[in-house]
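S.K.:
Given below as structure tokens:
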């Protein structure tokens, strides 16, 4: 009798096991019918809506078409826009190309853009990327500091006709055409159906771009996009892209090695060996990102400009780059990434060059450095080696008691930095979404510009100089040179590296191309035969 | 028996309330503002942050947040993560992966562990026994992380026997390699336990009596020794199943299996209170349930254990 019960228990367990495993089976099959299909490893996005996404840039750039596109040679081409013009850099008239449709067949009109941007800006929607439309007149009405918004539309947006609308900015800004380029996803249009149910739209977004999403987005499931038949722009070189979510980018990297995945970004831990392991299939794309060593300017020991200069000259950028990043980065020689047009490369001069003797002499001249120095950086992000190397440099070359200390996680770090609650040098970087010096200078050097306390030096003259450059730049970035001179004089923080975004590909891809935002250009992937 | 179950049910409620509250408070007191950190090094606009804080009630005191959370539980609402996704849905999507992985690993432990234990127990001191001993010591001493990455590189990348990552290949091929890696650790313990147990039982009086009576050895071992040896192993196996269902974060990450362990890990990183509490509570319930189950099964196997 008892024996029977035991068998029954085992039987129940077995059936349960089989039922459960049956649920989990049934994966996707690869397309083997001559379709030009590629796969790319991504982080599970969570949100796909352009105004909300935080880690779905590649997906967004495949499913939507931007108004403008900045090419690798620095020229700005028009995609969805026919023209973007202004007499005073404040009121911009955007004319759309005719005959463009969303994936649901509805036409892309001026109204689509105005409705989309209003939706992004409307405070109660809490769209994560609403900062991208913050310079349009009326944004503050939709996001009052106190109480409810007074309306649902920004007064700065006016529909002229089906294919024309005007945008009034809060001040003259010559860089506006760049602010509607490929990676500024909040500027993408959404079809009318989106506004009825934003949650449903996030599950199955409909864009105006070269690829359309096949099935509803399911967390951690691969997202398949296929070429949109009626796409009015340039035909992509592939028919299908599958975005495969990975929790660990090291796993994605290994999967590319095994040939199970076509494109993956390279985790920092693999940068030193990626070149050897992948050869021609390893790509380091110049990107509009720059890292600094932030200095706690609220601490009097860092008040003397010579101390800050000495710290900069004591850091061996070349060696750190070679050893830790496999030479993928470029030692910084200016205050904005070199890829941003007009960046005065080399303006930092000898201050960004490794010269331990001069550094020590300069520090002694400034009266030396009292006490210990704790370099604070966000833990858990693979940055330990980098900051340990900098601490070593400062200890050996300046004789300062320097150590690198990680935070528990990003949240703790960002809290302390925002609250000026750090008493040593700290992590500081910014990746711009469009390659204009404005997009790097504003976050770093204008209060509330984005990167709070990354460089805690907010000077009125710098802000005024940026404003002037914004208003007057002829389009080549030359107007920002004055700003960089002002920064050089004060030298508030040593710039460290111009960043690159690195990728590896499988044998199925013969050439991966990029654009100045540093991501692969998925419409232009060249496949091997 | 009914009183036993009633007492267990009461304990369950106490543990549930205590644990959920403690975890909620702990997540709440983690340093750093989760909403400010949401955008990574590209922080969200202040207005958006305010809106999100209000939306997720993060601007309220922790006890009110907790009451709101528990109130939601009664109507089946497990709360929402910071990207607006329902915690219940997220957990539902991930349990099948973790359960499949855990049961696969567990099945390996049960079958291989019990068989190895039996064999080595019957031939204690022999060549097989010593080989298995060395093997189990090795298996328990290598960190699971090293084992996972090595197995992935050797069997996935170089030999190409198994997929490297993901669940798309389905069961069993996508789950076999990670399951073996996880099972190795528990397997060693099961083998050792079972071996000791078998050795003890084989020396007991009733086995000698049965042998003297002329009962075939197959029957002695297959029925009597097995049944008497398996009780202590069973306790271990049940606890281990609970542990496996807790999601093995490291293995899930290495093999890119979107299971419950990953969810918990991500939620802790982003300080998502409702998700952390939801997953942790589910895990606690599983542990409590398996421990009740062990007690029940033990009493079936061994009539001397009675729950009055």
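Protein chains in written order, with the working numbering: chain A, 238 to 766; chain B, 1404 to 1711. Every residue, glycine too, gets a C-beta built ideally from N, C-alpha and C. Note that the structure is a prediction, hence the values are computed from the model and not measured.
What residues of chain B sit near residue 459 of chain A, judged by a beta carbon separation below 9 Å?
M.R.: Here residue 459 of chain A corresponds to residue number 222 of the first chain, with the count starting at 1. Correct list: 1569, 1571.
S.K.: Any beta carbon of chain A sitting closer than 8 Å to that of residue 1656 of chain B?
M.R.: Along the second chain, one-based indexing puts residue 1656 of chain B at 253. By this cut-off, residue 1656 of chain B is an interface position.
S.K.: May I ask you to list the residues that DSSP assigns as paired with residue 367 of chain A?
M.R.: In the first chain, counting from the first residue as 1, residue 367 of chain A sits at position 130. The partner list for residue 367 of chain A (beta bridge, DSSP) is empty, contrary to what the question assumes.
S.K.: For residue 609 of chain A, write down the residues that DSSP places opposite it in a beta bridge.
M.R.: Counting from one through the first chain, the residue named residue 609 of chain A turns up at place 372. DSSP, once it has assigned bridges, lists A:638 as partnering residue 609 of chain A.
S.K.: Looking at the structure shown, is residue 407 of chain A part of a helix, part of a strand, or coil, going by DSSP?
M.R.: For the purposes of this step, residue 407 of chain A is taken as residue 170 along the first chain, with counting starting at 1. Three-state result, residue 407 of chain A: coil.
S.K.: Exposed or buried, residue 1616 of chain B, counting other C-beta atoms within 10 Å across all chains shown (16 or more means buried)?
M.R.: Here residue 1616 of chain B refers to the residue found at position 213 when the second chain is read from its first residue. Classification for residue 1616 of chain B: exposed.
S.K.: Taking a contact to mean a Cβ-Cβ separation below 8 Å, would you say residue 695 of chain A touches residue 706 of chain A in this structure?
M.R.: For this step, residue 695 of chain A is matched to residue 458 along the first chain. For this step, residue 706 of chain A is matched to residue 469 along the first chain. The beta carbons of residue 695 of chain A and residue 706 of chain A sit no closer together than 8 Å.
S.K.: List, in chain order, every chain A residue whose beta-carbon is nearer than 7 Å to that of residue 1468 of chain B.
M.R.: As a first step, residue 1468 of chain B is located in the second chain; it is residue number 65 there, counting from the start. The contacting residues do not exist; residue 1468 of chain B stays about 17 Å from chain A at best.
S.K.: Residues of the region 1546 to 1560 of chain B with a CB closer than 8 Å to any CB of chain A: list them in chain order, please.
M.R.: 1555, 1556, 1559, 1560
S.K.: State the DSSP-derived secondary structure class of residue 521 of chain A, mapped to helix, strand or coil.
M.R.: The residue labelled residue 521 of chain A in the question sits at position 284 within the first chain. Strand, per DSSP.
S.K.: On the three-state DSSP scale, how would you describe residue 460 of chain A?
M.R.: As a first step, residue 460 of chain A must be located in the first chain, where it is residue number 223. Reduced to three states, the DSSP call for residue 460 of chain A is strand.
S.K.: My output table needs one value for residue 267 of chain A: the three-state DSSP class, helix, strand or coil.
M.R.: Reading the first chain from its first residue, position 30 is the one you call residue 267 of chain A. Because residue 267 of chain A sits at a pLDDT of 43, beneath the cut-off of 50, its placement in the model cannot be relied upon, and the following sentence gives the value as read from the coordinates. Looking at residue 267 of chain A - three-state DSSP - the assignment turns out to be coil, as it is neither helix nor strand.
S.K.: Relative to the C-alpha of residue 667 of chain A, which residue among A:465, A:373, A:678 is closest?
M.R.: In the first chain, counting from the first residue as 1, residue 667 of chain A sits at position 430. For residue 667 of chain A, the nearest C-alpha among the options comes from A:678.
S.K.: If you check the beta carbons only, do residue 524 of chain A and residue 738 of chain A fall under 8 Å apart?
M.R.: Taking the first residue of the first chain as position 1, residue 524 of chain A is located at position 287. Taking the first residue of the first chain as position 1, residue 738 of chain A is located at position 501. Against a cut-off of 8 Å, the Cβ pair of residue 738 of chain A and residue 524 of chain A comes out as a contact.
S.K.: Determine the chain B residues that contact residue 495 of chain A at a beta-carbon separation under 8 Å, and present them in chain order.
M.R.: Here residue 495 of chain A refers to the residue found at position 258 when the first chain is read from its first residue. The answer, in chain order, is 1559, 1560, 1563, 1567.
S.K.: In the DSSP output, what is residue 329 of chain A paired with across the bridge?
M.R.: For this step, residue 329 of chain A is matched to residue 92 along the first chain. DSSP, once it has assigned bridges, lists A:404 as partnering residue 329 of chain A.
S.K.: Compute the Euclidean distance between the alpha carbons of residue 551 of chain A and residue 527 of chain A, then round it to the nearest angstrom.
M.R.: The residue given as residue 551 of chain A occupies position 314 in the first chain. The residue given as residue 527 of chain A occupies position 290 in the first chain. In a straight line, the C-alpha of residue 551 of chain A is about 19 Å away from that of residue 527 of chain A.
S.K.: How many Å lie between residue 1637 of chain B and residue 1550 of chain B at the Cα?
M.R.: Sequence index remark: in the second chain, residue 1637 of chain B carries index 234 (1-based). Sequence index remark: in the second chain, residue 1550 of chain B carries index 147 (1-based). Going from the Cα of residue 1637 of chain B to the Cα of residue 1550 of chain B covers about 26 Å.
S.K.: So, under 8 Å CB-CB, residue 420 of chain A and residue 599 of chain A are touching, yes? Tell me the CB distance rounded to an integer number of Å.
M.R.: Taking the first residue of the first chain as position 1, residue 420 of chain A is located at position 183. Taking the first residue of the first chain as position 1, residue 599 of chain A is located at position 362. Contact doesn't hold; Cβ gap of about 39 Å is too wide.
S.K.: Within 10 Å of its beta-carbon, does residue 747 of chain A have 16 or more other beta-carbons around it, so buried, or fewer, so exposed?
M.R.: Looking up residue 747 of chain A in the first chain gives position 510. Looking at its Cβ environment, which holds fewer than 16 other Cβ atoms inside 10 Å, residue 747 of chain A is exposed.
S.K.: Opposite residue 667 of chain A in the DSSP bridges: which residues?
M.R.: Within the first chain, numbered from 1, the residue matching residue 667 of chain A stands at position 430. Answer by DSSP bridge pairing, in chain order: A:527.
S.K.: So which residues on chain A does residue 1672 of chain B lean against when the C-beta distance must stay under 9 Å?
M.R.: Stepping through the second chain from its first residue, residue 1672 of chain B is reached at position 269. Among the residues of chain A, those whose CB is under 9 Å from the CB of residue 1672 of chain B are 617, 646, 647, 648, following chain order.
S.K.: May I ask you to list the residues that DSSP assigns as paired with residue 1431 of chain B?
M.R.: Here residue 1431 of chain B corresponds to residue number 28 of the second chain, with the count starting at 1. DSSP lists no partner for residue 1431 of chain B.
S.K.: Touch check for the region 469 to 478 of chain A and the region 273 to 286 of chain A: three-plus C-beta pairs under 8 Å?
M.R.: For the pair of segments examined, the region 469 to 478 of chain A was found to touch the region 273 to 286 of chain A: the number of CB pairs separated by less than 8 Å reaches three.
S.K.: Just curious, the beta strand (DSSP E) that residue 321 of chain A is in, first and last residue?
M.R.: In the first chain, counting from the first residue as 1, residue 321 of chain A sits at position 84. 318 to 322 is the span of the beta strand (DSSP E), which, as asked, contains residue 321 of chain A.
S.K.: What does a CB cutoff of less than 7 Å around residue 511 of chain A pick up in its chain, not counting 5 residues either side in sequence?
M.R.: Along the first chain, one-based indexing puts residue 511 of chain A at 274. Closer than 7 Å at Cβ, skipping near neighbours: 503, 519, 563, 739, 741.
S.K.: When burial is assigned at 16 or more other CB atoms within 10 Å of the CB, is residue 242 of chain A buried or exposed?
M.R.: What you label residue 242 of chain A is simply residue 5 of the first chain in a count that begins at 1. Caution is warranted here: a pLDDT of 42 is assigned to residue 242 of chain A, below 50, making its placement in the model unreliable, and the coordinate value is therefore given only provisionally. By the 10 Å Cβ count, residue 242 of chain A comes out exposed.
S.K.: What does residue 1615 of chain B touch in chain A if you count any residue whose Cβ is under 8 Å from its own?
M.R.: Counted from its first residue, the second chain places residue 1615 of chain B at position 212. Within chain A, not a single residue places a beta-carbon under 8 Å from that of residue 1615 of chain B; the smallest gap is close to 24 Å.
S.K.: For residue 634 of chain A, tell me which candidate among A:553, A:311, A:327, A:721 has the shortest Cα-Cα distance.
M.R.: For this step, residue 634 of chain A is matched to residue 397 along the first chain. The option with the nearest alpha carbon to residue 634 of chain A is A:553.
S.K.: Run through chain B and tell me which residues come within less than 7 Å of residue 361 of chain A, C-beta to C-beta.
M.R.: The sequence position of residue 361 of chain A within the first chain is 124, counting from 1. Within 7 Å Cβ-Cβ: 1454.
S.K.: Please classify residue 1410 of chain B as buried or exposed, where buried requires at least 16 neighbouring CB atoms within 10 angstroms.
M.R.: Along the second chain, one-based indexing puts residue 1410 of chain B at 7. Exposed, since its Cβ has fewer than 16 Cβ neighbours within 10 Å.
S.K.: Which partner residues of residue 501 of chain A appear in the DSSP bridge assignment?
M.R.: Along the first chain, read from residue 1 onward, the residue named residue 501 of chain A stands at position 264. Looking at the DSSP assignment, residue 501 of chain A forms a beta bridge with A:741.
S.K.: Within 10 angstroms of its Cβ, does residue 335 of chain A collect 16 or more other Cβ (buried), or is it exposed?
M.R.: Locating residue 335 of chain A in the first chain gives position 98, where the first residue counts as 1. Flag for residue 335 of chain A reads exposed.
S.K.: Is residue 1673 of chain B helix, strand or coil when you go by DSSP?
M.R.: The residue given as residue 1673 of chain B occupies position 270 in the second chain. Residue state, collapsed to three classes: coil.
S.K.: With 7 Å as the C-beta to C-beta threshold (strictly closer), list the residues of the region 506 to 518 of chain A near chain B in chain order.
M.R.: none
S.K.: Whose C-alpha, out of A:721, A:364, A:349, A:310, is nearest the C-alpha of residue 571 of chain A?
M.R.: Walking along the first chain from the start, residue 571 of chain A turns up at place 334. Nearest option by C-alpha distance: A:721.
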